Structures are given as structure tokens and as C-alpha cells.
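Residue numbers (this note's numbering): 553 to 632.
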């Protein structure tokens, strides 16, 4: 509600709400990391691994912005 001013809804299925196969009776799952890890370990995944470095999305986004600015600068200089 704070981000979309009440215009959005949580995604429960991969189908959009306007699709004919969308099921209005489904409720979203609550976020539970421990339960997710338990289900993954029961499925045979090794959940003991933790990444040694976490750069998140900040680095790729910043790198993309720098590349975009550099490309724009290059093409503008090429036209002059």
C-alpha cells in the first residue's frame, strides 16, 4: 500500500489477475525462511552453504548505469 498507493496486489500465481484462469480464492504464503530451508533440505538441496560475498543488486545496477552513460557520451562525442 505504501509503495503503490493501494493499486497493486501481492502475486499469488504466475497468472495475472485479468487472466481467465486466475483463481481469486488463493491466499499468498507468508514469508518463512526456516520453513523454506526445511522444504529445500527435504528435497535434497544442500542448505548449509552460505555465499562468501554478497553484492546484491547495487553493483550490477550501478555498472549498467555507468555503461549507459559512457555509451551516450561516446555517441554524442562521435556526432560532434
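All C-beta atoms, glycine included, are put in the ideal place defined by N, C-alpha and C. It should be emphasised that the depicted structure is a prediction, and the values quoted were computed from it without experimental measurement.
In the displayed model, residue 624 falls within a helix according to three-state DSSP.
The Cβ atoms of residue 580 and residue 568 lie no closer than 7 Å to each other. The alpha-carbon of residue 575 is positioned some 17 Å away from that of residue 560. A straight-line Cα-Cα distance of about 15 Å links residue 599 and residue 584.
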